[in-house]
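As structure tokens, the structure follows; a few thoughts come after it.
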């Protein structure tokens, strides 16, 4: 399986780290210099090869103008937005 984005990163000044990150059993992190580009958490039934394929795709998305992907530091549950309340008229 060709992983052109990972290869480009490590052939340059970037790095890829795979392994335990604090309480996370397995993660894959890609950085270019001092900038984190992608941080992915390995899913329970996900093979290492699939994790690396997701990392390669995430790098492609970032380099095409997307935001860095961060599954490690992302809040677990985004805050819920309340629906707007209907305004009651004051007329009699």
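In the numbering used here, the protein residues as written are 17 to 108.
Even glycine gets a Cβ: it sits at the ideal position worked out from N, Cα and C.
Measuring alpha carbon to alpha carbon, tell me which residue in the options is nearest residue i.
i          : options        : result
residue 40 : 58, 32, 25     : 58
residue 44 : 80, 35, 61, 83 : 35
residue 19 : 77, 73, 84, 80 : 73
Please report the distance separating the alpha-carbon of residue i from that of residue j.
i          : j          : result
residue 68 : residue 82 : 19 Å
residue 88 : residue 56 : 7 Å
residue 32 : residue 86 : 14 Å
residue 24 : residue 80 : 14 Å
residue 27 : residue 60 : 30 Å
Going by the DSSP bridge assignment, what does residue i pair with across the sheet?
i          : result
residue 52 : 47
Give every residue of the same chain whose Cβ lies closer than 6 Å to the Cβ of residue i, excluding the five residues on either side of it in the sequence, and list them in chain order.
i          : result
residue 49 : 29
Which two residues bound the contiguous beta strand (DSSP E) that contains residue i?
i          : result
residue 31 : 30-37
Ordered along the chain, which non-local residues of its own chain (more than five positions away) have a Cβ less than 7 Å from that of residue i?
i          : result
residue 64 : none
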